[in-house]
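With my numbering, letter number 32 in the sequence shown gets 32, and the count goes up by one each step, no holes.
We put the beta carbon where it would ideally sit given N, CA and C, even for glycine.
Let me begin by presenting the structure, written as structure tokens, before commenting on it.
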Amino acid sequence: MSVTKSVCIMGVTGSIGKSTADVILSHPDRYRVDAVTAHRNVAELAAAAVKLGARFAVIADETLLGELKSALAGSGIEAGAGESALIEAAERPSDIVIAGIVGAAGLRATLAAIRRGAIIGLANKETLVCAGELMIDEVRRYNATIIPVDSEHSAIFQVLDDHAPERIERILLTASGGPFRTWSLDEMASVSRAQALAHPNWSMGAKISIDSATMMNKGLELIEACRLFPVPESKVEILVHPQSVIHSMVEYVDGSVLAQLGTPDMRTPIAYALAWPERLPLVLPRLDFAAIGQFSFESPDEHRFPALRLAREALRAGGTLPIVLNAANEVAVAAFLAGRIGFLDIAKLVEAVMVAHTGERLTDIDHVFATDDLARRRTEDMVAQLCL
Ligand code: NDP
């Protein structure tokens, strides 16, 4: 692997963005960074742009352009702001775009990268949940390539023989179970923000940490798996594996099960996406199987974690319902993080907004944004009612 590849890191100030920067900085001969983006964190964006030697730095909040220009003064790095600049970052001709923005906010930029036929290391699962088949159609139409960064989907990607989908019996999507795996509903009713953010195995951004605690993250991943791989929903089983060492498994018709294992560190799937179809040496702790001793497995509990049932329902219904699931969840998680609602209210709100929605067939990308907008407003109204 001798050719230097250029990379655009969307969401460089986040957990995925920082891990991507870390991998790239450990292989400066193989990667150079063209563009980096963030939402509001000007200081960290500017620092990352300088450290990575980026050419273009974009802040999504337009009101912060002046601050970004000041922070980059004398560096020679071009500054941009707003949605159009995010799209421009994705459209510039880098070899790989790491989609590390959180939430549906990443959709337009990811689509821009797809429409120029880029290789996309996709962490931003919400975009695939929302835009679904439309996004996959665009990938085919523009000959783009999606390499999943989510550790479970990276694992499946590595062991799946997608040339012969009829040989796949089922996909076993593993889940840690989150910090409340063994908690009763009564105990979960009063959990604090700090308790919900404290994931037992992974260090991640706030939104995905809460999604892991409600297990909505696994629900979104179920939808993501059915979008990425040639399997129906009925063939994807969620399996709780508290150690988070087996990142997922594929069972074939002859009973063979292939798994991908590794330490719970996102730099491994990120490096895989950056180097695909090759592999990048990484100096990370290796698995010590004797020290681990045992792996355990459990079935998920949809009664205590209703987000799993809601995601399956949204996937089965298709059309606009997954967009509603995602938008309602994003608003509800933000409300929980802001201390406005309780932990169990998150899934209750998502269910209420889904029930209030009249499902429709998804027509085009504008339909995605219109549905997302409507579902957000409905959820905000319901949050406001709860807070009265
Ligand atoms: P973080 O919250 O840590 O980072 C999010 C990044 O997106 C930040 O750079 C943030 O900028 C930027 N951002 C937030 N809102 C917007 C917006 N409206 N417009 C543009 N940029 C925005 O998230 P994570 O890194 O944890 O997660 C990113 C994505 O990757 C999510 O979709 C998540 O589900 C997925 N993922 C994450 C994993 C992890 O280990 N963290 C594992 C697997 C998947 P700023 O800092 O300025 O707010």
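Simplified DSSP state of residue i, which is helix, strand or coil
i	result
P269	helix
H241	coil
P165	helix
M204	coil
R108	helix
Q294	coil
E278	coil
T13	coil
H303	coil
G19	The residue you asked about is not Gly; residue 19 is Ser in the sequence shown. Helix at S19.
T363	coil
R170	strand
A259	strand
S6	strand
V102	coil
V250	strand
A198	coil
A473	The question about residue 473 has no answer, for the chain in this structure spans 1 to 388.
Supposed close pair residue i, residue j - CB separation, criterion 8 Å
i	j	result
V42	L64	5 Å
E233	R316	6 Å
V350	L310	6 Å
A118	A144	6 Å
A109	L86	5 Å
P285	W202	So it is not a contact: roughly 15 Å between Cβ atoms.
A213	A196	4 Å
T379	A327	7 Å
Rounded straight-line distance, which links the Cα of residue j to that of residue i
i	j	result
R115	D364	15 Å
E278	A271	10 Å
T268	L128	22 Å
A352	I346	10 Å
G405	E330	Residue coverage of the chain in this structure runs from 1 to 388, which leaves residue 405 outside it and unanswerable.
A164	V355	37 Å
E67	K18	21 Å
L308	S296	20 Å
E360	A175	31 Å
T393	A60	The structure shown has nothing for residue 393, since the chain only spans 1 to 388.
L282	G74	34 Å
S94	Q294	43 Å
E237	R312	11 Å
G412	F229	Within the shown structure, residues of the chain are numbered from 1 to 388, placing residue 412 beyond reach of any answer.
G319	L222	16 Å
M204	G11	13 Å
L172	R376	32 Å
E138	R227	13 Å
S151	M216	16 Å
P200	A291	18 Å
R92	A189	47 Å
A112	S256	39 Å
I101	G121	12 Å
P242	G262	14 Å
Y252	I156	12 Å
V240	L45	36 Å
A54	S6	10 Å
D301	L160	27 Å
V333	D211	8 Å
Residue i burial status per 10 Å Cβ neighbour count (16 or more: buried)
i	result
C419	Because the chain spans 1 through 388 in this model, residue 419 falls outside it and cannot be assessed.
K207	buried
S248	buried
V149	buried
T182	exposed
C387	exposed
Q260	buried
I24	buried
A198	exposed
H303	exposed
S209	buried
K51	exposed
E166	exposed
S154	buried
P179	buried
T358	exposed
L398	Nothing can be reported for residue 398, as the shown portion of the chain is limited to 1 through 388.
Residue-level contact to chain B via CB, residue i, 9 Å cutoff
i	result
A38	Checking the listed chains, one finds no chain B in this structure; it contains a single protein chain.
* Asked: Can you give, in chain order, each stretch of the alpha helix (DSSP H) that sits fully within the region 25-96 and has at least 4 residues?
  -> If only uninterrupted alpha helix (DSSP H) runs of at least 4 residues are considered, those enclosed by the region 25-96 are 42-52, 65-72, 82-91.
* Inside the region 215-240 only - beta strand (DSSP E) runs reaching at least 3 residues -> Complete beta strand (DSSP E) runs here, min 3: 236-240.
* **Continuous alpha helix (DSSP H) assignments of at least 4 residues falling wholly in the region 115-159** => Counting only runs of 4+ residues, the alpha helix (DSSP H) found wholly inside the region 115-159 occupies 125-141, 151-159, in chain order.
* Residue ranges of each alpha helix (DSSP H) run of no fewer than 4 residues wholly in the region 318-363, ordered along the chain? -> Uninterrupted alpha helix (DSSP H) stretches at least 4 residues long and entirely within the region 318-363 occur at 321-337, 345-356, given in chain order.
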